[in-house]
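Participant: Dropping a structure here in structure tokens format, bear with me for questions.
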Amino acid sequence: MTSEQRVVVIGGGLAGLRLAQRLGPVAAVTVLGEESRVPYNRVLLAEVLAGRYAPEVTALPAPGPVLRRGVRAVRIDRAERAVHCDDGTVAPYDTLVLATGSNAVLPPLRGLFEPGGRELPDGVHAFRTMDDCLALSATVRPGVRAVVIGGGLLGVSAARALAARGAAVVLAQQGERLMERHLDADASALLAMHLTGLGVEIHTECRVRGLVTTGTPAAAPAAPGTRQGADAPRRVTHVELADGYRLEADVVVLACGVRPRTGLAEAAGLEVRTGIVVDDHLRTGDPHVHAVGDCAEHAGRVYGLAGAALEQADALAAMLAGTPSPYTGTRALTRLTLGGAGSGHLDLAAFGETTPRPGDDVVRLADATRRTYRKVVLRGDRLVGGVLLGELSTVGALARTWEGGEAPHDLFHLLTDDGGH
Ligand SMILES: Cc1cc2nc3c(=O)[nH]c(=O)nc-3n(C[C@H](O)[C@H](O)[C@H](O)COP(=O)(O)OP(=O)(O)OC[C@H]3O[C@@H](n4cnc5c(N)ncnc54)[C@H](O)[C@@H]3O)c2cc1C
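Put into structure tokens, the structure is as follows:
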């Protein structure tokens, strides 16, 4: 690659900007980013919602003029090697990188949309962008009744943040336990205990059926100076569960997972399964088009995690710069800090396989008083997974052993001490 080579990156998020930063010295990079805000790190949004960080704190390193903010790519012309944008401009490329991230999944709830409409009722928010976060934040005050739908990483972060702002929070989780993709049953139970201690009411195996809203034409007469009837905005009043029970709600957070943004790739005829399919060179079926981050599917896997997005961006930058180092997958560590003072604070980390297969060995250290829990899963002499809650001083050493595929030589030391690192 030479400095005349034109690299166009679609998506000014974590992966796209990291790639641009790494490639800057060796190529003419343009990043198209539909969000008009200063680029930010999504991982920190829960801290903004909790009021612990100002939005500015989440800013990603300034990308300079290579980023065209507020410009959305609307079509890829692979024959012409050009990207068409919503402002009418066309960006020609030698290499195109899709770093379009993912969208929040909006669940099929009765009452979520009006027939033919795409507007969420007032009070109902997804939790993916800074705009979502600030709109949600503006509605939260002490005593507000908030229902979080979804008990994964996003739902848990949102519930914790809303409780920190004094909201009365109910978390409705369809699955059997919280963060079931990342945590084993014991760790999940400890996490639930922590959230309950912060005042969050948790309902597991709880399916939400629909939303009840006001603002329909049959609503009660409006107070002078307010709108009513067909013009009145719909506002959520209740969340309806599968058994018909209705939870009162001023605010609803939809935290039902994310879906890779693949529309542009699909329309351009690139292979899409769950994400945009890429090989070990993070390349699609078109040798001029690559994909990285949440939108990419490598070896059947879409990660949806910041660590993988950054690792893929770094790997692609190295490959485009001429260093042949194929990407073979990310050993993704999930880390979550549920911030707060004293007992209101909980750190957790999980990696690899946290639920053992038959024949695996499990070593578990639990301290109910200090609410700490550490567990590792061993297959033969290899560490294949682990989960730590409350006490993370050993996570670095454990994760390095796991990443390196090494046999831990002093497991007890590794679990109870940082192994000298
Ligand atoms: C609230 C929250 C908490 C999270 N917490 C954690 C965590 O604790 N740990 C963790 O590992 N991960 C976490 N994640 C996930 C992490 O943020 C993502 O994995 C990471 O941001 C992926 O980076 P990305 O660049 O692929 O996508 P994104 O950061 O989503 O960036 C994609 C960008 O592309 C833009 N875009 C899309 N289509 C177009 C287009 N057509 N034209 C122009 N621009 C376009 C989007 O607007 C967006 O700005 C969290 C996510 C959220 C929302």
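When you read off a place in the sequence shown, starting at 1, and then add 1, the result is the number in the working numbering. Built from N, CA and C at the ideal position, the CB exists for glycine as well. On a predicted model such as this, the values are computed, not experimentally measured, just so you know.
Pick helix, strand or coil for ALA224, following the three-state DSSP scheme.
Facilitator: Your numbering for residue 224 matches position 223 in the sequence shown. Annotation note: pLDDT 48 at ALA224 (below 50); position unreliable, coordinate value reported separately. The answer is coil: DSSP assigns ALA224 none of H, G, I, E or B.
Participant: How far does the beta strand (DSSP E) with GLY34 in it reach, from first residue to last?
Facilitator: In the sequence shown, residue 34 corresponds to position 33, counting from 1. Here the beta strand (DSSP E) through GLY34 covers 29-34.
Participant: Between SER138, LEU283 and HIS289, which has its C-alpha nearest ALA55's C-alpha?
Facilitator: For the purposes of this step, residue 55 is taken as the residue at position 54 of the sequence shown. Of SER138, LEU283 and HIS289, the residue nearest in Cα terms is SER138.
Participant: Which residue or residues does DSSP assign as beta-bridge partners of ARG380?
Facilitator: Translated into the one-based positions of the sequence shown, residue 380 becomes position 379. Per DSSP, ARG383.
Participant: By Cβ distance, which residues of its chain are closer than 6 Å to THR238, with the 5 residues on each side in sequence left out?
Facilitator: For this step, residue 238 is matched to residue 237 along the sequence shown. The residues are VAL213 and THR215.
Participant: Are there any heavy atoms of ligand 1 lying less than 7 Å away from the beta-carbon of VAL240, as far as the coordinates show?
Facilitator: Within the sequence shown, residue 240 is the residue found at index 239, counting from 1. Checking every heavy atom of ligand 1 against the Cβ of VAL240, none is found closer than 7 Å.
Participant: Using only the heavy atoms of ligand 1, determine whether one of them is closer than 7 Å to the beta carbon of ILE150.
Facilitator: To locate residue 150, count along the sequence shown from 1; it is residue 149. Because no heavy atom of ligand 1 lies under 7 Å away, the Cβ of ILE150 does not count as near it: no.
Participant: With distances taken between CB atoms, is the gap from ALA307 to VAL84 smaller than 8 Å?
Facilitator: Start at 1 with the first residue of the sequence shown, and residue 307 comes out as number 306. Start at 1 with the first residue of the sequence shown, and residue 84 comes out as number 83. Contact flag unset, no.
Participant: Rounded to a whole number of angstroms, what is the C-alpha to C-alpha distance between ALA268 and ARG262?
Facilitator: On the sequence shown, residue 268 is found 267 positions in, with the first residue counted as 1. On the sequence shown, residue 262 is found 261 positions in, with the first residue counted as 1. Taking the straight line from one Cα to the other gives about 12 Å.
Participant: So, is ASP78 buried or exposed, given that buried needs 16 or more other C-beta atoms within 10 angstroms?
Facilitator: As a first step, residue 78 is located in the sequence shown; it is residue number 77 there, counting from the start. Exposed, because fewer than 16 other Cβ atoms sit within 10 Å of the Cβ of ASP78.
Participant: How many Å lie between ARG7 and GLY211 at the Cα?
Facilitator: Reading the sequence shown from its first residue, position 6 is the one you call residue 7. Reading the sequence shown from its first residue, position 210 is the one you call residue 211. Whole-angstrom Cα-Cα distance: 48 Å.
Participant: Measuring CB atoms only, is the stretch 178-193 touching the stretch 382-391, in the sense that at least three cross pairs come out at less than 8 Å?
Facilitator: Short answer: they touch.
Participant: Report whether the distance from the Cβ of ALA47 to the nearest heavy atom of ligand 1 is below 7 Å.
Facilitator: Within the sequence shown, numbered from 1, the residue matching residue 47 stands at position 46. Yes, the Cβ of ALA47 comes within 7 Å of a heavy atom of ligand 1.
Participant: Check for me: the alpha helix (DSSP H) holding THR370 runs from which residue to which?
Facilitator: Here residue 370 corresponds to residue number 369 of the sequence shown, with the count starting at 1. Neither: THR370 is in no alpha helix (DSSP H) and is coded neither H nor E.
Participant: If you draw a straight line from the C-alpha of PRO109 to the C-alpha of LEU46, how long is it?
Facilitator: What you label residue 109 is simply residue 108 of the sequence shown in a count that begins at 1. What you label residue 46 is simply residue 45 of the sequence shown in a count that begins at 1. Near 25 Å, if we compare the C-alpha coordinates of LEU46 and PRO109.
Participant: Starting from ASP348 and walking both ways along the beta strand (DSSP E), at which residues does that stretch end?
Facilitator: As a working mapping, residue 348 is identified with position 347 in the sequence shown. Start and end: 347-353.
Participant: Look at the Cβ atom of VAL141, then the Cβ atom of LEU172, and state whether they are nearer than 8 Å.
Facilitator: Counting from 1 along the sequence shown, the entry for residue 141 is found at position 140. Counting from 1 along the sequence shown, the entry for residue 172 is found at position 171. No.
Participant: Taking its Cβ as the centre, do 16 or more other Cβ atoms sit within 10 Å of ASP295, making it buried, or is it exposed?
Facilitator: Locating residue 295 in the sequence shown gives position 294, counting from the first residue. The residue in question, ASP295, is buried, as its Cβ has 16 or more Cβ neighbours within 10 Å.
Participant: Of the choices LEU255, GLU404 and ASP368, whose alpha-carbon is the least far from that of PRO122?
Facilitator: Here residue 122 refers to the residue found at position 121 when the sequence shown is read from its first residue. Ranking LEU255, GLU404 and ASP368 by Cα distance to PRO122 puts LEU255 first.
Participant: When you compare the stretch 188-198 with the stretch 166-180, are there three or more beta-carbon pairs, one atom per stretch, that lie closer than 8 Å?
Facilitator: Counting Cβ pairs under 8 Å, three or more are found: they touch.
Participant: Can the beta-carbon of LEU24 be found less than 8 Å from the beta-carbon of ALA318?
Facilitator: Counting from 1 along the sequence shown, the entry for residue 24 is found at position 23. Counting from 1 along the sequence shown, the entry for residue 318 is found at position 317. Taking 8 Å as the Cβ cut-off, LEU24 and ALA318 qualify as a contacting pair.
Participant: Does DSSP put PRO218 in a helix, a strand or coil?
Facilitator: Start at 1 with the first residue of the sequence shown, and residue 218 comes out as number 217. Note that PRO218 has pLDDT 46, beneath the 50 cutoff, so the model's placement of it is unreliable and the number below is only indicative. Residue state, collapsed to three classes: coil.
Participant: Which parts of the stretch 298-331 are runs of the alpha helix (DSSP H), unbroken and 4 residues or longer, counting only runs that do not cross its ends?
Facilitator: Runs found: 307-321.
Participant: Starting from the Cα of VAL273, find the closest Cα among VAL303, HIS289, VAL259 and ARG247 and give me that residue.
Facilitator: Residue mapping note: residue 273 aligns to position 272 of the sequence shown, counting from 1. Cα-wise, what sits closest to VAL273 is VAL303.
Participant: Here's a check: name, in chain order, each residue in its chain whose Cβ is nearer than 6 Å to the Cβ of ALA314, leaving out the five neighbours to either side.
Facilitator: As a working note, residue 314 is residue 313 in the sequence shown. If we look at ALA314 and ignore the five residues flanking it on each side, its Cβ neighbours are ALA16, ARG19, LEU20 and VAL293.
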